Each structure stands twice: as structure tokens, then as C-alpha cells.
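Residue numbers (the working numbering): 2 to 718.
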Amino acid sequence: MFAKLKKKIEEENQTEINIGIPTDLSGPTPTHTGRGTSDNSASGTPIRSTYSETSDSDKEQRLKKKSPSVDSPTASCTYTSFSTCETRSTGDGPTKRSEPPPNYQELYRRLQQVQKAKEDAEAGLLEAEKKIERLASRVENREELESFQSQEMAKIKHLLLCSQQDVRSMEDKLRQQEEEGCLLREEIAHLQQELRQGKQQVPRDYVAELQAEKEALIQEVDILKKEALQSANRIGQLECTLGNLTDEYDGLKHTHDVYKAKAAVLSEETSSIVSHLNEKVKTLEKRLEDNCLTGDEQVLSLIEERRCLETKLDEARQHLSEVKSSWSEKINSLEAQILNLNHKMADDGQECSRLEHALAEALQRIKEHEETKWTMEEQLQEKEKQMIALRQTKEEELERLQKGQSIHIEELRSQLAEAKADLAQAQRERDRAVREADTVKAELQKKEDKYTSRLQELESGLQRSREEVSRLNAEKECLLRDLQRHSSKAEELQEAVTQQKAQYMALSMEKEAIAHQLVELQEELLVTKAVHPGVEPSVSNASAEELQKKVLDLEGEMQEKIKVIRLQQQRIADMKKTLQRELKFQQAAETGVAQANNQVADRAGPIGDSTSGEVSTNLVQRKLENDINFKYLKHVVFKFMTSTEYEAQHLIRAVSVLLHFTADEENIIRQHLDWKSSWFGMRPHHSLNQPYVPQQRRHQQRHATAGSKSHSKHGPG
Numbered sequence: 002m003f004a005k006l007k008k009k010i011e012e013e014n015q016t017e018i019n020i021g022i023p024t025d026l027s028g029p030t031p032t033h034t035g036r037g038t039s040d041n042s043a044s045g046t047p048i049r050s051t052y053s054e055t056s057d058s059d060k061e062q063r064l065k066k067k068s069p070s071v072d073s074p075t076a077s078c079t080y081t082s083f084s085t086c087e088t089r090s091t092g093d094g095p096t097k098r099s100e101p102p103p104n105y106q107e108l109y110r111r112l113q114q115v116q117k118a119k120e121d122a123e124a125g126l127l128e129a130e131k132k133i134e135r136l137a138s139r140v141e142n143r144e145e146l147e148s149f150q151s152q153e154m155a156k157i158k159h160l161l162l163c164s165q166q167d168v169r170s171m172e173d174k175l176r177q178q179e180e181e182g183c184l185l186r187e188e189i190a191h192l193q194q195e196l197r198q199g200k201q202q203v204p205r206d207y208v209a210e211l212q213a214e215k216e217a218l219i220q221e222v223d224i225l226k227k228e229a230l231q232s233a234n235r236i237g238q239l240e241c242t243l244g245n246l247t248d249e250y251d252g253l254k255h256t257h258d259v260y261k262a263k264a265a266v267l268s269e270e271t272s273s274i275v276s277h278l279n280e281k282v283k284t285l286e287k288r289l290e291d292n293c294l295t296g297d298e299q300v301l302s303l304i305e306e307r308r309c310l311e312t313k314l315d316e317a318r319q320h321l322s323e324v325k326s327s328w329s330e331k332i333n334s335l336e337a338q339i340l341n342l343n344h345k346m347a348d349d350g351q352e353c354s355r356l357e358h359a360l361a362e363a364l365q366r367i368k369e370h371e372e373t374k375w376t377m378e379e380q381l382q383e384k385e386k387q388m389i390a391l392r393q394t395k396e397e398e399l400e401r402l403q404k405g406q407s408i409h410i411e412e413l414r415s416q417l418a419e420a421k422a423d424l425a426q427a428q429r430e431r432d433r434a435v436r437e438a439d440t441v442k443a444e445l446q447k448k449e450d451k452y453t454s455r456l457q458e459l460e461s462g463l464q465r466s467r468e469e470v471s472r473l474n475a476e477k478e479c480l481l482r483d484l485q486r487h488s489s490k491a492e493e494l495q496e497a498v499t500q501q502k503a504q505y506m507a508l509s510m511e512k513e514a515i516a517h518q519l520v521e522l523q524e525e526l527l528v529t530k531a532v533h534p535g536v537e538p539s540v541s542n543a544s545a546e547e548l549q550k551k552v553l554d555l556e557g558e559m560q561e562k563i564k565v566i567r568l569q570q571q572r573i574a575d576m577k578k579t580l581q582r583e584l585k586f587q588q589a590a591e592t593g594v595a596q597a598n599n600q601v602a603d604r605a606g607p608i609g610d611s612t613s614g615e616v617s618t619n620l621v622q623r624k625l626e627n628d629i630n631f632k633y634l635k636h637v638v639f640k641f642m643t644s645t646e647y648e649a650q651h652l653i654r655a656v657s658v659l660l661h662f663t664a665d666e667e668n669i670i671r672q673h674l675d676w677k678s679s680w681f682g683m684r685p686h687h688s689l690n691q692p693y694v695p696q697q698r699r700h701q702q703r704h705a706t707a708g709s710k711s712h713s714k715h716g717p718g
């Protein structure tokens with residue numbers, strides 16, 4: 002009871018100190034605010050009502066002043082710029098409507114992230130303003146807190162009087178507990194007599210229960226053994242039947258294949274004999290007809306017969322090769338059957354090993370059941386030992402209860418002495434709390450001045466972060482315009498690739514037609530040689546040479562077109578890679594700035610416990626900006642110096658933005674890169690008003706002139 006009173010007094014002192022001294026410099030957390038409200042409501046003073054009315058009115062006025070800042074112009078500008086970009090992309094031409102780029106959703110998501118970061122910064126600003134209001138209200142209520150402290154002192158005096166009354170009541174309770182102790186001693190003696198009477202009955206009943214459990218477990222083990230044997234027998238029978246059925250199925254399948262092969266061989270032999278006899282009949286009939294002819298006609302007929310025999314000989318050779326291939330296929334099929342039989346033998350061996358393993362597992366289970374039987378017997382013996390130990394513990398518990406009663410009475414007497422000492426200590430702590438309250442007032446004034454200066458610095462840092470967000474939005478719009486320009490270039494390159502593919506298909510069709518003509522001419526040449534073996538066809542040789550030249554020329558042109566198509570595809574892939582890199586760099590820059598803003602907002606919350614956190618936000622913001630710009634510039638210049646000429650064309654814009662080049666300077670850099678990559682171009686002068694010809698158009702003109710030359714060279718042929 003006296004310990005509870007001591008805790009109450011300490012809690013009252015802590016609440017008094019918490020009300021007078023704000024421990025958290027950045028503002029009270031939800032737990033602290035709830036604690037303060039509970040203390041104020043318990044005190045019953047009208048301080049809370051006046052404080053809440055003044056704070057609510059100040060909050061409403063400040064929210065009205067800051068309501069336009071929530072819908073800031075940066076958010077509206079970013080949203081309108083994004084919407085204008087969408088309308089430009091859709092309204093460039095009514096007839097040719099381009100689809101949105103593939104990273105449209107990613108850009109929109111990034112824009113939402115920037116807006117969300119801006120809203121978080123504004124929420125941090127509102128929280129800082131609320132903290133200022135709280136500090137002002139605390140300064141206004143200092144006099145009221147002093148009166149509250151005097152009331153708390155009166156409350157402590159009242160609690161001391163109550164504690165004295167509690168001490169008196171505790172003495173009465175001690176007397177009652179001594180009387181109850183006497184009654185408990187009598188009950189303990191009665192229980193000891195009952196235990197002595199029931200010592201002989203309890204062990205016998207317990208042993209009978211354990212024996213019944215033992216017999217039930219033995220029966221379960223026997224049942225499990227029988228079931229295991231039955232399941233093993235069934236599995237063996239089923240596996241034997243399965244093996245017999247599979248063997249019968251394989252034998253029937255083999256005999257069916259043999260009969261089928263024999264029938265096919267017989268049908269082929271009969272068809273070959275019939276065809277051979279028909280041919281013999283035809284030759285004999287023709288010879289009978291040739292006997293009636295003259296000498297020249299007989300010679301011609303013999304020549305024709307020779308040709309027929311040669312064709313038959315070729316056919317016989319082809320048939321022989323086909324027979325060889327069929328025999329090889331049959332050999333392969335027989336080898337496959339042998340492999341299948343080997344696999345089957347391996348599967349049978351695995352099945353035997355599996356059955357042996359199952360048998361070993363069944364034996365292992367039987368051993369485990371026997372081991373469980375022995376363990377159950379050991380458990381029975383252990384339980385008998387436990388019964389003996391229980392008897393001893395009950396006797397020890399009776400002795401311990403008697404000792405506990407005497408110890409409890411002594412503890413109550415010691416608590417009385419401690420309660421009196423606690424009362425004296427509470428009076429000393431009350432005097433010390435009054436002295437500390439005076440020192441706290443001076444510290445509050447110093448901390449208030451420090452917080453006001455810190456809040457001004459935070460407001461200036463938030464203004465700079467807003468300017469940085471607006472600058473990043475402008476850079477994002479520039480990058481979106483570059484993205485649209487690159488996408489249009491990619492579409493033009495894709496159209497050029499499709500044109501090259503169409504030309505390639507046309508050339509391939511011409512090549513196939515010429516090859517077909519060449520084959521026909523060769524066949525005509527063979528026919529003329531067979532009819533007139535001594536005559537040399539000069540005209541056909543000349544036409545064949547011309548056709549071969551045309552074929553070679555067309556193949557060369559086709560290879561050139563293939564090279565051009567590959568070059569265009571490689572350029573498209575390079576352009577896509579550079580676009581992805583630029584978007585990654587932009588995302589890294591935006592995330593870096595957002596992290597910097599979040600760090601500034603986070604530092605605005607927990608101010609002040611350590612002096613090391615009071616670094617100026619201006620230096621941090623400049624350092625972040627310089628680090629991001631320097632790293633990005635270093636990466637872009639490195640890629641510009643090490644990349645190919647085509648990739649360098651796409652990195653010019655990034656270098657010009659980072660180094661703040663003018664449009665004329667950017668134009669000069671592009672002209673120099675075009676001159677380096679061109680074949681017959683002139684070195685550009687350093688005049689800033691010189692027109693700019695893109696590289697892609699120059700490549701298209703070059704390919705167009707090359708195509709016209711090749712067409713004029715090979716077109717008439």
C-alpha cells in the first residue's frame with residue numbers, strides 16, 4: 002500500500018515537471034500530448050479551456066493564410082506542362098496520329114512522385130507552424146503554470162494526510178492477518194491427518210491405471226505388425242501380376258510387328274515381280290515390231306532402247322539406295338527396341354531394389370515398435386519413482402507453508418517502517434521540486450529564443466527547395482521535348498528499314514527467276530547435246546554467261562542492301578539505349594533532389610537535443626546540388642568522349658544543357674560531328690549562323706545516290 006502511494010507521488014512530480022519543461026524540442030509527440038491533457042483534466046482547473054480556445058483560433062487563422070500555399074503554382078505548372086505535352090503529341094497532325102512513347106506511364110509516375118514530395122514538404126511546413134503556435138501558447142501560459150504548481154503542492158499535502166490514514170488502516174489489517182494465520186495452522190494440521198490416511202489408497206489406483214495403459218499399447222503394437230505383414234504380401238502379389246502382364250503385352254506386340262513386316266515384304270516382292278514381267282513383255286513386243294523396220298530405223302530404235310535401259314538403270318540404282326536407307330531405318334528401329342529392353346531391365350532392377358528397401362523399412366518399423374515397448378516399460382518404472390517423490394514433496398510443502406507464514410508477518414512489519422521513511426523522503430523531494438521549477442523557467446526562455454532562430458532558417462531552406470523543384474520541372478520539360486524528337490527519328494529510321502527490306506525482297510525474286518531461267522537453259526543444252534553430240538551451242542553459252550553475270554551482280558547488290566539494313570537496325574538499337582540511359586540519369590537526379598528535400602523536412606522535425614544537428618540548410622542544399630550536377634556532367638562527358646559518333650549525336654543535348662551552351666554553339670558541335678562521320682563533306686566554318694543538315698538526311702541522300710547508280714548500271718540488263 003505504501004509502495005503504491007510512493008509511485009503516485011512520483012508520477013505527480015513527473016507530470017508537474019513535464020508541464021513546466023517541454024522535453025521534446027521539436028514539439029510534443031502524441032503520447033506526451035495525451036499525458037498533458039489527462040493531467041489537466043485531473044487537476045480540475047480552467048487552464049485547459051482557455052488554452053484550447055486560443056490555440057484553435059490561432060490555428061484557424063494560420064490555416065486560412067496558408068491555404069493558397071497548398072495548391073502551389075509549381076504543382077499547377079507541372080500539371081499544365083504535362084497536359085500541354087500530351088496535347089502537342091496528339092495534335093501535331095490530324096491525319097498522322099503518333100502513339101505515345103513506351104515510357105509514357107513511367108514519366109507520369111515520376112511526375113506524381115515529384116508532386117507527392119512537394120506535398121510532403123508543405124505538410125512539414127504546416128507542422129513547423131503548428132510547433133511555433135504551441136511554443137507561443139506555452140510562453141503565454143507560464144503564469145498559469147505557476148498557479149497550477151501551487152495547486153499541486155496543496156494536493157501533495159492532502160496525499161500525505163491520506164497516507165497517514167492508510168498507515169493506520171494497515172496496522173488494523175496486520176492484526177486481522179495474524180488471526181487468520183492461527184486459523185491456517187489449524188487447517189494444516191487437519192490436512193496432515195487426512196494425507197496420512199490416504200497414503201495407502203493412492204499408489205494402488207495409480208499403478209492399476211498404468212498397467213491398463215501398458216496392455217493397451219501392447220495390443221496396438223501387435224495390430225500394427227499384422228497390418229504391415231498383410232500390406233507387404235498384397236504389394237508382392239500385385240507386383241508379380243503387373244510384371245506378368247507387361248511381359249505378355251511386350252511379347253504380343255513383338256509378334257504383331259514381325260507378322261506385319263513379313264506381310265509388307267511379301268507384298269513388295271509380288272509387286273516387283275509383276276512389274277518386272279510387264280517390262281519384259283513390253284521389250285519383247287517392241288523387238289518383234291522392230292524386226293519389220295529398215296536398217297536406219299533399227300539403229301534409231303536401238304538408240305532409243307539404249308536410252309530406256311539407261312533410265313531404267315538409274316531408276317534401279319535409286320531403288321537400291323532407297324532399299325539401303327530402309328534397311329538402315331530398320332536397323333535403327335531394332336537398336337531402339339534393344340535400348341527399350343535394356344531400359345526395361347534397368348527398371349525391373351530398380352523395382353527389385355525398391356521392394357528390398359521397403360522390406361528393410363518394414364523390419365525397421367518392427368524394431369522401432371519393440372523399442373517403444375521397452376520405453377513404455379521404463380516409463381512405468383519412472384512413474385512409480387515419481388509417486389514416491391510426490392509423497393516427499395507434499396511433506397516438504399507443509400513445512401514450507403509454516404515457514405512462509407512467519408516470513409510474511411515479518412515482511413509486513415518491515416513495510417510499515419519503509420512507509421514511514423518514504424513519507425519523510427516525499428517531503429524532501431517536494432522541497433527539491435520547488436527549487437528546480439525556478440531554474441526551469443530560465444531555461445525555457447533561452448530555448449524559446451533558440452527555436453525562433455532555427456525556424457527562420459528552416460523557412461529559408463524550404464524556399465530554396467521549392468526553387469530547386471521548379472528548376473527540375475523545367476529540365477524535365479526539356480528532356481520530354483528531346484524524347485519526342487528522338488522518337489520521331491526512330492520512326493524515320495524504321496521506315497527506311499522497311500523500304501530496304503522491300504528492295505531486298507524484290508531483288509531476291511529477280512534472283513530466283515534468273516536462276517530458274519538458267520536451269521531451263523541448262524536442260525535445253527543437255528537435250529541438244531544428246532541429240533547432236535558434235536555441235537557446240539555457242540549462243541546458249543553466251544546467254545548462260547550473261548545470266549551468270551547478272552546473278553553475281555544481283556547477289557552483290559543484295560549483300561550491300563543487307564549490310565545497309567543491319568546498319569540501320571544497329572542505329573535504332575543505339576538510339577533506344579541512349580534514350581534509356583538519359584531517362585535513368587533523369588530519374589537518379591529527381592530521386593536525389595527528393596531525398597534532399599525529405600532530409601530537410603526530417604531535420605525540421607527533431608530539432609535540438611544535440612548541437613551537432615544545427616548545420617545551416619543553405620550549405621547542405623548547395624553541396625547536394627553541386628554533387629549531383631558534377632557526377633552527371635562527369636558521366637555524360639565520359640560517354641561523349643568514349644562513345645561512337647552516332648551515340649555522340651544524342652549526347653550533344655545533355656552536354657549543352659549541363660554546360661549552358663547556346664543554340665549556335667550546339668549547332669557548331671553537331672556540324673563538326675556530321676563532318677567527321679561523312680564521306681565527302683567539307684569542313685564547316687566557325688560561323689554561328691551556318692545552317693544545320695542532320696546526319697540522317699545525309700545518309701539517306703548517300704544511299705539514294707548509290708541505289709540510283711546501281712540501278713543505272715544493272716537496269717537495262
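By construction, the Cβ of each residue, glycine as well, lies at the ideal position given by its N, Cα and C atoms.
Given the structure is predicted, the values throughout are model-derived calculations rather than measurements.
Item: How many Å lie between residue 465 and residue 431 at the Cα?; Value: 50 angstroms
Item: Would residue 399 pass as a contact of residue 175 if the rule is Cβ separation under 8 angstroms?; Value: no
Item: Counting Cβ pairs, one atom from each stretch, are 3 or more of them under 8 angstroms apart for the stretch 548-564 and the stretch 502-516?; Value: yes
Item: Rounding to the nearest angstrom, what Cα-Cα distance links residue 372 and residue 242 in this structure?; Value: 36 angstroms
Item: From residue 275 to residue 302, what does the alpha carbon distance come to, in whole angstroms?; Value: 25 angstroms
Item: In or out: residue 669 buried (at least 16 other Cβ within 10 Å) or exposed?; Value: buried
Item: Going by beta carbon distance, what residues of the same chain come within less than 7 angstroms of residue 572, once the five residues before and after it are set aside?; Value: 494, 647
Item: Give me the Cα-Cα distance between residue 308 and residue 520, rounded to the nearest whole angstrom.; Value: 22 angstroms
Item: Check whether the Cβ of residue 477 sits closer than 7 angstroms to any heavy atom of the ligand NAP, and report yes or no.; Value: Of ligands this structure carries none, so the ligand NAP is not represented either.
Item: What does the Cβ neighbour count give for residue 109, buried or exposed, with the cut at 16 atoms within 10 Å?; Value: exposed
Item: In angstroms, rounded to a whole number, what distance separates the CA positions of residue 64 and residue 427?; Value: Below a pLDDT of 50, predicted positions are generally treated as unreliable, and residue 64, at 45, falls in that range; the measurement from the model is reported next regardless. Looking at the two C-alpha atoms, the distance is approximately 46 angstroms.
Item: By the three-class DSSP mapping on this structure, what secondary structure does residue 293 have?; Value: coil
Item: Taking C-beta to C-beta, are residue 409 and residue 222 nearer than 8 angstroms?; Value: no
Item: Which same chain residues, not among the five before or five after residue 214, have their C-beta less than 6 angstroms away from its C-beta?; Value: none
Item: From residue 530 to residue 319, what distance separates their C-alpha atoms?; Value: 24 angstroms
Item: Considering only the beta carbon of each residue, do residue 115 and residue 658 sit closer than 8 angstroms?; Value: no
Item: In this structure, how does DSSP classify residue 191 when only helix, strand and coil are distinguished?; Value: helix
Item: Check whether the Cβ atoms of residue 211 and residue 391 sit closer than 8 angstroms, and answer yes or no.; Value: no
Item: Alpha carbon to alpha carbon, how far is residue 162 from residue 132?; Value: 41 angstroms
Item: Reducing DSSP to helix, strand and coil, say where residue 461 ends up.; Value: helix
Item: Looking only at C-alpha atoms, which of 104, 422, 122 sits nearest to residue 461?; Value: 122
Item: Over what stretch of residues does the alpha helix (DSSP H) that includes residue 673 continue unbroken?; Value: 664-678
Item: Spatial neighbours of residue 546 within its chain, please: CB distance less than 7 angstroms, with the 5 preceding and 5 following residues excluded, ordered by chain position.; Value: none
Item: Quick check: what's the CA-CA separation for residue 167 versus residue 160?; Value: 10 angstroms
Item: If we call anything under 8 angstroms between Cβ atoms a contact, is residue 743 one with residue 565?; Value: Missing from the structure shown is residue 743; the chain here goes from 2 to 718 and no further.
Item: Quick one: using the 10 Å Cβ neighbour count with 16 as the cut-off for buried, is residue 557 buried or exposed?; Value: exposed
Item: Counting along the chain, where does the alpha helix (DSSP H) carrying residue 111 start and finish?; Value: 105-141
Item: Taking all protein chains shown into account, do 16 or more other C-beta atoms lie within 10 angstroms of the C-beta of residue 474, making it buried, or fewer, making it exposed?; Value: buried
Item: Between the Cα of residue 505 and those of 492, 560, 480, 125, spot the shortest distance and give me the residue it belongs to.; Value: 560
Item: Cutting at 8 angstroms between CB atoms, please list the residues of its own chain near residue 339, excluding the five before and the five after it.; Value: none
Item: In angstroms with no decimal places, state the Cα-to-Cα distance between residue 267 and residue 261.; Value: 10 angstroms
Item: Output yes or no for whether 8 angstroms exceeds the beta carbon distance between residue 636 and residue 579.; Value: no
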